[in-house]
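For the sequence shown, the numbering used here gives the first residue as 1, with consecutive numbering after it. Where is the CB? At the ideal position from N, CA and C, for every residue including glycine. Here the structure is a predicted model, which means the values were calculated and not measured.
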Amino acid sequence: MSSCNNSKENDSKVIEGKIIHSVYFWLNNPDNIEDVETFETAIKKLMKNSQFANKMHLGKPAVTEKREVIDNSYNYCLIFTFDTYKDQRIYQDEPAHLIFIGEAKHLWKKVLVYDSIQEPI
């Protein structure tokens, strides 16, 4: 009986969305207030206007214990979830995404994207 409860408990902790799209940004000038404000305005507009992303998270590196395996050198992390590969693919060309790139691309020196698919574990 406890294994059934445990399974339900674990299900409630799972991030909703089949595709998890994690994007890490390194800004050219992270100490430049104008650049930061421009970037944040553009990315928040993307979050507001995307028609395909379900759940969203925008964050900065957490101040956690320094360990060799932790990379907190990025400036921003954006996470979107999508229900299907098709939604994720359409998102790449949707106007909100393309506008964000046009408004903010000049502000970053590096972007890394990690896409993962939810698998039963």
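Asked	Found
Given 8 angstroms, three or more beta-carbon pairs between the segment 35-44 and the segment 79-87	no
Beta carbon proximity, Met56 to chain B, threshold 8 angstroms	The structure shown contains no chain B; it is built from a single protein chain.
Boundaries of the beta strand (DSSP E) in which His57 is found, first to last residue	Met56 to Gly59
Identity of the residues DSSP links to Val23 by a beta bridge	Leu78 and Val113
Beta-carbon proximity list for Trp26, same chain, < 8 angstroms, skipping 5 on both sides	Ser73, Tyr74, Asn75, Trp108, Lys109, Lys110 and Val111
CB of Gln92 within 8 angstroms of CB of Ile19, strictly	no
Buried versus exposed, by CB contacts within 10 Å (16 or more), His106	exposed
Within 8 angstroms, strictly: CB atoms of Tyr125 and Ser22	The requested residue 125 is not part of the displayed model; the chain covers only 1 to 121.
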